[in-house]
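In our numbering, the protein residues as written are 1375 to 1810.
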């Protein structure tokens, strides 16, 4: 009996990690699509003579849908199963990429890339990783979350050089076809390995001592997504997490990926050098996110978040002092440390969503991720406005440092148990009918 139990435990562990691996592959491929708008700009302007605004509109629609689709995708996974949603999402991004190669007007780019690819990549975001982790793991959740969170950045790192080379040597259409084929190639792996729940193959979640039956499908995915948002919005932790994550988006995607290169160029640094530094930040993203997942399994997620934001704020304060025309040791230190911190906030935020919202945590995280995207979009726009108004990015870095300090305070204010207000919030949310 002991040997049989051990054999089943090992089988369950192997299956869970295989499921996590194919999920990571899907997220990596989806991450590769996010690299395309930037490297497509010049080829599209040369061929179609479109304005940057027309091309940017498609990218904006894509980003907005990426954020808004995620919570609905999590609910659809509870309704129709993870595997079906992932296969549909891979089909959407492949179709969007292939149709983009046939376009002749800017509105078609917005339709094919903005809507189709945006819907697909939004369904393959970290809500997918959260759902898989919640169902297949009861231990090592932080580590698994960190690994899957790093998948999107890893996709950019893996595919960006190859896509750039393809565009430079063979035009932009072969690059999009290559991406579509990559998405389609993942689909058989998803069909063979990914299952919606460990019970589907008669196994327990990794680290669980008991068999957990597969839950019944939850109908009304769209209604449930809105209901979860309504109920979560009546609790204090949701707003604290959403506020902190909005600041996270502003101080990473919103400012760094949009304005770091122009800011460095203001100090005389070539754009190509600044872009290389951004790529290095992406390299350290992977290590930082996985390490953060490991720490999240062992430490208080609130204190981790506060530490990450405080360190990020200090980096923002120091950035104007170390920017020069050439790469120096302080700048390399900034790149390494910022890269380690960039996505490190994701595992603790997911862990806190799981603590407060249980089975609905993937949907709630989807909505906090939407706040992240709103923060990113706001910083991207306001950062440019501030540069035009002040003639320098220095006020932007100082403002973001102050916001990071505020995010650290928001993280520490979150209370897990002792206060009556938090207990009331949790009871209110659990009832799914606040005020009754």
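The C-beta atom is built at its ideal place from N, Cα and C for all residues, glycine as well.
Values in this document were obtained by computation on a predicted structure and should not be read as measured data.
Annotation: residue 1774 to residue 1588 spans about 45 Å, alpha carbon to alpha carbon.
Remark: C-beta atoms of residue 1458 and residue 1575 do not approach each other more closely than 8 Å. Within the same chain, Cβ atoms closer than 7 Å to the Cβ of residue 1734 are found at 1602, the five residues on either side in sequence being excluded. Note on geometry: alpha-carbon atoms of residue 1685 and residue 1739 lie some 23 Å from one another. In the structure shown, the three-state DSSP call for residue 1511 is strand. Annotation: the continuous alpha helix (DSSP H) that includes residue 1768 extends over 1768–1787. Pairing residue 1690 with residue 1625 gives a Cβ-Cβ distance under 8 Å. Per DSSP, the continuous alpha helix (DSSP H) segment holding residue 1492 begins and ends at 1492–1497. Annotation for residue 1724: the continuous alpha helix (DSSP H) segment containing it runs 1720–1731. Relative to residue 1561, the option among 1470, 1525 and 1462 whose CA is nearest is 1462. In this structure, residue 1757 sits away from residue 1716, with a CB-CB distance that is not shorter than 8 Å. By a beta-carbon distance limit of 8 Å, residue 1489 contacts residue 1435. Their separation comes to about 6 Å. Of the candidates 1518, 1680 and 1751, 1518 places its Cα closest to the Cα of residue 1501. Comparing alpha-carbon positions, the option among 1403, 1660, 1513 and 1622 lying closest to residue 1778 turns out to be 1622. Taking a 10 Å sphere around the C-beta of residue 1583, we find fewer than 16 other C-beta atoms and assign the residue as exposed. Under DSSP, residue 1580 forms a beta bridge with 1511. DSSP, reduced to helix, strand and coil, places residue 1600 within a helical segment of the structure shown. Closest in C-alpha terms to residue 1398, from the list 1557, 1709 and 1787, comes 1557. The C-beta distance from residue 1506 to residue 1456 rounds to 6 Å, short enough to meet the 8 Å contact threshold. Contact annotation: the region 1489–1499 does not touch the region 1642–1657, with fewer than three C-beta pairs closer than 8 Å. The three-state secondary structure of residue 1486, taken from DSSP, is helix. Counting the other CB atoms within 10 Å of its CB gives residue 1530 a total of 16 or more, which places it among the buried residues.
When the beta-carbon positions are compared, residue 1537 and residue 1413 come within less than 8 Å of each other. Residue 1444 counts as buried, since at least 16 other C-beta atoms from the protein chains shown sit within 10 angstroms of its C-beta. A distance below 6 Å between beta-carbons, with the five flanking residues on each side excluded, links residue 1724 to the following residues of its chain, in chain order: 1504, 1519 and 1739. Contact check for residue 1524 and residue 1404: beta-carbon distance about 13 Å, past the 8 Å limit, so the pair fails to qualify. Distance from the CA of residue 1598 to the CA of residue 1565, rounded to the nearest whole angstrom, comes to 27 Å. Here the C-alpha atom of residue 1666 lies approximately 37 Å from the C-alpha atom of residue 1762.
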